[in-house]
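What follows is a single structure, written as structure tokens, with notes after it.
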Amino acid sequence: MERIVLASQSPRRKQLLEWAEIPFDVIVKDTDESYPDGLHTEDIPVFIARNKALAVRSELSHDRVILAADTVVVLDDEIIGKPEDREDAIEILTRLEGRTHQVITGVVIMKNDKEIVFSNTTEVTFNPLSYDDIRYYIDKYQPYDKAGAYAIQEWIGVVGIGEIHGDFYNVMGLPVSRVVQELHKLI
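Residue numbers (the numbering used here): 26 to 212.
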């Protein structure tokens, strides 16, 4: 497979591409992650991912393959972003514990005039968590750079998640199996 450009600084996305043995370079441009009012929830991460891809594309030859993604956590039709601080992280996980939420990753793959766009949704159900469990996780793992204030591959996912319906790796930040399928169509 030809070398692609990953328009993301996410260590989890990098790890997933490495596991899939996809050769890539990381190129990231600062991108506005706001979105227009009225956009359907599942379209929001796609909108943001497209902006990331376009920002990087402006710096490269159009024959390079660019992969961009964005992940949002949704509870009761509300997007739960990255926590601002410890108290916000505690509040977010307290809202998620014992409930089911959706993790939606939007993916954009560009090469020349071709563009592949999709989103993937995974339902995640947390077991009931104690306040001490939530504080322990936040203090030890500092999940301030993660949508929904958690990473499924860390302690809280191992002990706190009762069920997932959908792609596990989507919750990590990239539905890598689908990405590989789409890359084979494009390359």
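Note that CB positions come from ideal geometry on N, CA and C, so glycine has one too.
- LEU118 is a Cβ neighbour of ALA174, given a cutoff of 8 Å.
- Linking ILE104 to LYS210 through their CA atoms gives a straight-line distance of about 32 Å.
- Under the criterion of beta carbons closer than 8 Å, LYS77 and ALA172 do not qualify as touching, at roughly 15 Å.
- With three or more CB-CB distances shorter than 8 Å, the stretch 52 to 70 counts as touching the stretch 80 to 97.
- Scanning ALA114, HIS126, ARG75 for the CA closest to the CA of LYS136 turns up ARG75.
- Separation of the CB atoms of THR130 and SER144 is rounded to 7 Å, and the pair is thereby assigned contact status at 8 Å.
- Note on the stretch 150 to 206: whole alpha helix (DSSP H) runs with a minimum of 4 residues are 156 to 166, 180 to 185, 193 to 197, in chain order.
- A distance of 8 Å or more separates the beta carbons of TYR194 and VAL183.
- Straight-line measurement puts the Cα of ILE73 at about 7 Å from the Cα of SER59.
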